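Residues in the sequence shown are numbered from 563 upward in steps of one, following the working numbering. A virtual CB, placed ideally from N, CA and C, is assigned to each residue, including glycine. Model, not experiment: these values are computed from the prediction.
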Amino acid sequence: MFELEVKDVFKITGRGYVIAGEITENGAILRKGDILVNKEDREQKIAVNSIEMLNYGSASRKLNHIGFLTDISDEAAKAIVGKRLCKE
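This is the structure we're talking about:
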């Protein structure tokens, strides 16, 4: 199962929020259009609009930091840092 620990959230004006984090469980593939759920609040669902890889310098490093663009409220963005999201 895919799981992501949220490390940071920031807003891109006119596009939405970028949720950045570290992949903690990568047994599944994350794709544009997937839905992630908050492990603490299963009612909170977050759609993946686009994906970016972060910190991908050396070929020998494990690529486990990503960011994805989504449409969430300001309150939800502030509250999600430190939470774990998993693939529905």
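Distance CB(residue i)-CB(residue j) smaller than 8 Å
i             : j              : result
glutamate 565 : arginine 646   : yes
valine 580    : isoleucine 642 : no
arginine 577  : leucine 631    : yes
glycine 629   : alanine 582    : yes
alanine 638   : glutamine 606  : yes
Residue i - partner residues in DSSP beta bridges
i              : result
arginine 646   : Glu567
isoleucine 581 : Val571 and Phe630
leucine 598    : Ile608 and Lys649
Local Cβ density within 10 Å of residue i, reported as buried at 16 or more and exposed below that
i              : result
isoleucine 591 : exposed
isoleucine 574 : exposed
isoleucine 597 : exposed
isoleucine 613 : exposed
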